[in-house]
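For reference, the structure discussed in these notes is given below.
Number of protein chains: 2
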Amino acid sequence: MPNTQLDDLDRAILRLLKSDARLTIAEISNKIGKPESTVHFRIKKLQERGIIDKYTIILGEPLKPKYLAFIILEVGRPIIEDFLDRYVEYITKTLSALPGVLFVAKSGADKIIALVGKNDKEELMNFIEDNIKSIPTLRNVVVLPVSEIRKGEDIAGFLAEV
Amino acid sequence: MPNTQLDDLDRAILRLLKSDARLTIAEISNKIGKPESTVHFRIKKLQERGIIDKYTIILGEPLKPKYLAFIILEVGRPIIEDFLDRYVEYITKTLSALPGVLFVAKSGADKIIALVGKNDKEELMNFIEDNIKSIPTLRNVVVLPVSEIRKGEDIAGFLAEV
Chain B
1 MPNTQLDDLD
11 RAILRLLKSD
21 ARLTIAEISN
31 KIGKPESTVH
41 FRIKKLQERG
51 IIDKYTIILG
61 EPLKPKYLAF
71 IILEVGRPII
81 EDFLDRYVEY
91 ITKTLSALPG
101 VLFVAKSGAD
111 KIIALVGKND
121 KEELMNFIED
131 NIKSIPTLRN
141 VVVLPVSEIR
151 KGEDIAGFLA
161 EV
Chain V
1 MPNTQLDDLD
11 RAILRLLKSD
21 ARLTIAEISN
31 KIGKPESTVH
41 FRIKKLQERG
51 IIDKYTIILG
61 EPLKPKYLAF
71 IILEVGRPII
81 EDFLDRYVEY
91 ITKTLSALPG
101 VLFVAKSGAD
111 KIIALVGKND
121 KEELMNFIED
131 NIKSIPTLRN
141 VVVLPVSEIR
151 KGEDIAGFLA
161 EV
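Protein sequences appear in the order of chains B and V. The first sequence begins at 1 in the UniProt record's numbering and counts up one residue at a time. The second sequence begins at 1 in the UniProt record's numbering and counts up one residue at a time.
Following this line, the structure appears as structure tokens:
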């Protein structure tokens with residue numbers, strides 16, 4: 001997605017920091033064969049340009065939910081059509097506050113996509129039974145358990161809450 | 001998800017590092033009112049226990065795709081049922097290599113969930129037309145454009161590739 005000007009050096013630095021943000025200037029300089037002053041300047045610029053937004057940690061196995069599922073909720077259109085927004089907003093807000101809910105987004109006018117992390121299938125099913133099925137005004141709920149992550153597998157460790 | 005023993009101090013440190021992994025021991029010590037030696041020891045332990053898995057960067061606006069959509073692909077069951085796994089594997093692999101595909105996971109025996117990031121709706125539609133609709137053996141494709149992220153909004157900057 002090169003909608004901003006980055007050269008090969010910028011990209012090399014960004015890739016290294018993505019894989020380990022604790023690398024020192026000296027280590028990066030070594031790995032890419034450029035002077036430390038250059039690396040330092042580039043990182044400073046990447047931060048100033050907002051290309052590096054934040055430095056963060058990814059949580060490991062002990063805190064990572066073992067069982068993930070996407071849940072797609074379709075909100076029924078109310079008799080008073082204007083209320084749809086409020087229903088969607090209410091459910092979105094409620095879901096976001098529930099334990100183990102890692103990600104929540106609205107999709108179109110009447111759908112909500114959530115990523116939920118639990119320890120096993122049973123815990124997920126209980127969560128759905130207790131927290132999702134009880135929501136009134138839902139027209140449809142689709143549960144898509146994640147059986148294998150092929151790309152972006154650190155997503156659970158990134159989104160997991162402490 | 002407290003399936004491992006963490007006390008309030010561990011959690012406070014983890015939360016601070018999640019918000020800014022570049023905080024120094026001195027800064028963390030200051031914020032939580034504990035000696036630097038304690039903070040140092042705790043971080044060392046959190047790393048050793050695998051609770052902190054990695055340090056990474058989140059990319060900012062200039063590199064973040066502006067238009068996200070979840071795509072759910074349902075693979076048709078082939079006449080020779082045993083081929084289903086291979087079809088799913090093939091599509092999963094193909095998808096993972098396409099530009100702008102941020103996340104790919106298998107769900108159950110015959111579904112694939114992908115998160116795709118593009119600059120606008122048109123780019124997404126072209127992507128689907130060129131790369132998804134052309135896949136044979138697909139039974140159904142559902143596109144769920146993300147209109148508003150409520151929780152986990154850094155997901156695009158985390159998953160974006162350089």
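Here a beta-carbon is modelled for each residue, glycine too, at the ideal position from N, C-alpha and C. Only a predicted model underlies this, so the values are computations on that prediction, with no experimental measurement involved.
Is the CB of Ile28(B) under 7 Å away from at least one CB in chain V? In the first sequence, counting from the first residue as 1, residue 28(B) sits at position 28. So no, Ile28(B) is outside the interface.
If we define contact as Cβ-Cβ less than 7 Å, is Tyr67(V) a contact residue for chain B? To locate residue 67(V), count along the second sequence from 1; it is residue 67. It does not: the Cβ of Tyr67(V) has no partner Cβ on chain B nearer than 7 Å.
Leu138(V) beta carbon less than 7 Å from that of Leu73(V): Your numbering for residue 73(V) matches position 73 in the second sequence. Your numbering for residue 138(V) matches position 138 in the second sequence. Between Leu73(V) and Leu138(V), the CB-CB gap stays under 7 Å.
Might you give, ordered along the chain, the residues of its own chain that have their beta carbon closer than 7 Å to the beta carbon of Pro2(B), omitting 5 neighbours on each side? Residue 2(B) sits at position 2 when you count from the first residue of the first sequence. Here the model assigns Pro2(B) a pLDDT of 42, short of 50, so the residue's position is not dependable, and the following value carries that caveat. Nothing listed; no residue qualifies.
Please list the segments of the alpha helix (DSSP H) lying wholly inside the segment 120-149 of chain B, counting only runs of 4 or more residues, in order along the chain. Listed in chain order, they are 121-127.
What three-state label does DSSP hand Glu36(B) in the structure shown? By 1-based counting over the first sequence, the position of residue 36(B) is 36. DSSP, reduced to helix, strand and coil, places Glu36(B) within a helical segment of the structure shown.
Taking the straight line between their C-alpha atoms, what separation do you get for Lys54(B) and Ile13(B)? By 1-based counting over the first sequence, the position of residue 54(B) is 54. By 1-based counting over the first sequence, the position of residue 13(B) is 13. Near 15 Å, if we compare the C-alpha coordinates of Ile13(B) and Lys54(B).
Just verifying my parser: in three-state terms, what is the DSSP assignment at Ile112(B)? As a working note, residue 112(B) is residue 112 in the first sequence. In this structure, DSSP gives Ile112(B) an extended state, which the three-state scheme calls strand.
Buried or exposed: where does Pro78(V) fall if 16 or more other Cβ atoms within 10 Å of its Cβ makes it buried? Counted from its first residue, the second sequence places residue 78(V) at position 78. Burial call: exposed.
Closest to Arg49(B) by C-alpha separation, out of Leu63(V), Asp120(V), Leu6(V), Leu124(V), would be which residue? Taking the first residue of the first sequence as position 1, residue 49(B) is located at position 49. With distances taken between Cα atoms, Arg49(B) lies closest to Leu63(V).
What I want to know is whether the C-beta of Thr94(B) ends up closer than 6 Å to one or more non-hydrogen atoms of the ligand FMN. This structure lacks the ligand FMN, and indeed carries no ligand of any kind.
Quickly, what does DSSP pair Glu74(V) with across the bridge? List them, please. By 1-based counting over the second sequence, the position of residue 74(V) is 74. Here Glu74(V) is bridged, per DSSP, to Lys111(V), Asn140(V).
Beta strand (DSSP E) runs wholly inside the segment 17-65 of chain V, at least 3 long, in chain order: DSSP runs (the beta strand (DSSP E)) wholly in the segment 17-65 of chain V: 52-59.
Taking the CB atoms as reference points, tell me whether Tyr67(B) and Lys151(B) lie closer together than 7 Å. The residue you call residue 67(B) lines up with position 67 of the first sequence. The residue you call residue 151(B) lines up with position 151 of the first sequence. The Cβ atoms of Tyr67(B) and Lys151(B) do not sit closer than 7 Å to each other.
Going by beta carbon distance, what residues of the same chain come within less than 6 Å of Val39(V), once the five residues before and after it are set aside? For the purposes of this step, residue 39(V) is identified with residue 39 of the second sequence, where counting begins at 1. Same-chain partners within the cutoff: Ile25, Ile28, Ser29.
With a Cβ-Cβ cutoff of 7 Å, do Val75(B) and Thr92(B) count as a contact? Residue 75(B) sits at position 75 when you count from the first residue of the first sequence. Residue 92(B) sits at position 92 when you count from the first residue of the first sequence. Cβ atoms of Val75(B) and Thr92(B): not closer than 7 Å.
Compare the C-beta of Asp82(V) with all C-beta atoms of chain B and state if any pair is closer than 7 Å. Counting from 1 along the second sequence, the entry for residue 82(V) is found at position 82. No - not a single Cβ of chain B is within 7 Å of the one on Asp82(V).
Distance check for Ile71(V) and Val146(V), CA to CA, integer angstroms please. Position 146 of the second sequence, counted from the first residue, corresponds to residue 146(V). Position 71 of the second sequence, counted from the first residue, corresponds to residue 71(V). Whole-angstrom Cα-Cα distance: 10 Å.
Between Lys34(B) and the rest of its own chain, which residues show a CB-CB distance below 7 Å, the 5 nearest in sequence each way excluded? The residue labelled residue 34(B) in the question sits at position 34 within the first sequence. Closer than 7 Å at Cβ, skipping near neighbours: Leu9.
Figure out for me which residue from Ile52(B), Ile58(B), Gln47(B) has the closest Cα to the Cα of residue 219(V). Residue 219(V) lies beyond the residue range present for chain V, which begins at 1 and ends at 162; the question has no answer from this structure.
Once DSSP output is grouped into helix, strand and coil, what is the label at Val88(B)? On the first sequence, position 88 is the one that residue 88(B) refers to. Helix, per DSSP.
Below-7 Å beta-carbon distance, Met1(V) vs any chain B residue: As a position in the second sequence, residue 1(V) is number 1, starting the count at 1. Note that Met1(V) scores 42 on pLDDT, short of 50, meaning its location in the model is unreliable and no value can be drawn from it.
According to DSSP, what are the bridge partners of Leu6(B)? Translated into positions along the first sequence, residue 6(B) becomes position 6. According to DSSP, Leu6(B) bridges with nothing at all.
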